[in-house]
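Just so you know, full-length UniProt numbering puts 212 at position 212 of the sequence shown, and the rest follows in order with no gaps.
Inspection log for the structure reproduced underneath, given as structure tokens.
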Amino acid sequence: MNPQAKLIFTASLLLGTTITISSNHWILAWAGLEINTLAILPLISKSHHPRAVEAATKYFLVQAAASALVLFSSMTNAWHTGQWDIGQLTDPTSCLILTSALAMKLGLVPFHFWFPEVLQGSSLSTGLLLSTVMKFPPITLLFMTSPSLDPTLLITMALLSAALGGWMGLNQTQTRKILAFSSISHLGWMAIIISYSPKLALLNFYLYALMTAAVFLSLNSMKALKLSTLMTAWTKAPALSTMLMLTLLSLAGLPPLTGFLPKWLIIQELTKQEMAPAATIISLLSLLGLFFYLRLAYCATITLPPHTTNHIKQWRINEPISPMTSILTTMSLVLLPTSPLILSII
1 MNPQAKLIFT ASLLLGTTIT ISSNHWILAW AGLEINTLAI LPLISKSHHP RAVEAATKYF
61 LVQAAASALV LFSSMTNAWH TGQWDIGQLT DPTSCLILTS ALAMKLGLVP FHFWFPEVLQ
121 GSSLSTGLLL STVMKFPPIT LLFMTSPSLD PTLLITMALL SAALGGWMGL NQTQTRKILA
181 FSSISHLGWM AIIISYSPKL ALLNFYLYAL MTAAVFLSLN SMKALKLSTL MTAWTKAPAL
241 STMLMLTLLS LAGLPPLTGF LPKWLIIQEL TKQEMAPAAT IISLLSLLGL FFYLRLAYCA
301 TITLPPHTTN HIKQWRINEP ISPMTSILTT MSLVLLPTSP LILSII
């Protein structure tokens, strides 16, 4: 892709995100979401492969439908209350429609079908944007409207997301699809707590984005699109493979790594809210995700040659690992001891 075009699309992406997260008016928030959608479409379809064009088409249709529902819910609310302010969402029908629209934007169950397909059709760098930056505006809208939303609906969607995200990721062999189901599972953890502690849901999103970015950048350095490629990665980059294994375990939420912090705080908050059954169910469902993270980690580090794979073995990575990968990976591993500082900030 032309560098100038890429710069314009990236700038539009940042502009759309900034407009949505800083607006108080529904029309401005909707406009930001639309700019975001239009900016990411060329980045998804830039390879001109049929899978990429199909992914871009699916993404456009789903996001257009979700944006129309956001606009419809805000208009219904304005019709009943006379308010266009995002914080003044009081009409029950509008709340229900908005929850569905934002769930569709994020890829929460039962609106998750598009997300693995779109991620599979995109490159790893575009997949990173889809999994982190593109989820930020809808999460912000959920954060701003969280007092008005129905907790029962959100908890149901959260538990289903954690279950399906873990269960459907078990038999995948493509790394992008595994990370898509991982994203759906993590969104379940954010959705279950957003009604009770919105700041905690936002902290969970920040840490999820940090760890996912580290995994995507590591896989991009190795050019690992499927598990068979990952199996030969140890000879190319032993240090990067080791760090990838630890980052995946952090994403699974194992102590003493960063990923344990949001899960621990969410379980604690749910218990305080007398929702111990929901906390127990979502904790058990996260074990499904742990299985496929361990499978990825096993492929990245423990399957050393000689082993049976048809993939051409490569030697070292020619280009050096980017500083951003190193910084994100380090933060994905060592932030747990700083949890008192993080909690004092939120």
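The beta-carbon is built from N, C-alpha and C at its ideal position, and this holds for glycine as well.
Residue i - partner residues in DSSP beta bridges
i	result
A174	Reading the sequence as shown, one finds Gln at residue 174 and not Ala. In DSSP, Q174 forms a bridge with K226.
H25	D85
Cβ-Cβ distance between residue i and residue j below 8 Å
i	j	result
A224	L217	no
F60	T37	yes
S185	G166	yes
I19	I40	no
L160	P110	yes
I67	W30	As written in the sequence, residue 67 is Ser, which differs from the Ile given in the question. Result yes, Cβ atoms of S67 and W30 sit closer than 8 Å.
M245	A233	no
T99	T76	no
Q120	K199	no
A300	S241	yes
L336	L265	no
L227	M157	no
L69	I27	no
A180	S122	no
I21	L203	no
A201	F143	yes
G32	S23	yes
Range covered by the alpha helix (DSSP H) that runs through residue i
i	result
Y298	A276 to T301
P320	Neither: P320 is in no alpha helix (DSSP H) and is coded neither H nor E.
K46	Here K46 belongs to no alpha helix (DSSP H), and DSSP marks it neither H nor E.
G107	Taken as a continuous stretch (DSSP letters only), G107 belongs to no alpha helix (DSSP H), as it is neither H nor E.
S241	P238 to A252
L149	Counting along the chain, L149 falls outside any alpha helix (DSSP H), and DSSP gives it neither H nor E.
V118	W114 to G121
I342	S339 to I345
G127	L124 to S131
K263	F260 to K272
Residues of its chain near residue i, where Cβ-Cβ distance is below 6 Å and the 5 sequence neighbours each way are ignored
i	result
H80	D91
A163	L285
T339	For the sequence presented, residue 339 should be read as Ser rather than Thr. Excluding residues within five positions, the ones whose Cβ falls inside 6 Å are L261.
A214	T247, L328, T329 and S332
L296	L248
H112	I184
Q172	I178
Contacting residues, own chain, Cβ-Cβ under 7 Å from residue i (five flanking each side not counted)
i	result
A279	I267, L270 and T271
K58	W114, E117 and V118
S125	N220
F140	Reading off the sequence, residue 140 comes out as Thr, not Phe. These residues qualify, in order along the chain: T20 and I21.
L290	A252
L254	F260
Close Cβ partners of residue i (< 8 Å) along its chain, the five nearest in sequence each way excluded
i	result
H25	W84, D85 and I86
Y293	S182, L248, L249, L251 and A252
S283	K263 and I267
S322	L217 and S221
I342	L203, L261 and L335
Proximity test, Cβ basis, 8 Å: residue i and chain D
i	result
R51	Among the protein chains of the structure shown there is no chain D, as only one such chain exists.
> Are three or more beta carbon pairs between the stretch 196-214 and the stretch 328-346 nearer than 8 Å?
Replying inline: Contact between the stretch 196-214 and the stretch 328-346 is present, with at least three C-beta pairs closer than 8 Å.
> Contact between the stretch 137-149 and the stretch 82-89: three or more CB pairs below 8 Å?
Replying inline: Touching, yes, given that three or more Cβ pairs across the two stretches are closer than 8 Å.
>> Would the stretch 264-282 count as touching the stretch 232-240 if we require 3 or more Cβ pairs under 8 Å?
In response: These segments do not touch.
> Touching or not, the stretch 90-105 and the stretch 115-133, by the rule of three or more beta carbon pairs under 8 Å?
Replying inline: Judged by Cβ distances under 8 Å, the stretch 90-105 makes no contact with the stretch 115-133, as fewer than three pairs qualify.
> Hey, is the stretch 151-158 in contact with the stretch 192-199, meaning 3+ C-beta pairs nearer than 8 Å?
Replying inline: The stretch 151-158 makes contact with the stretch 192-199, as at least three CB pairs between them are under 8 Å.
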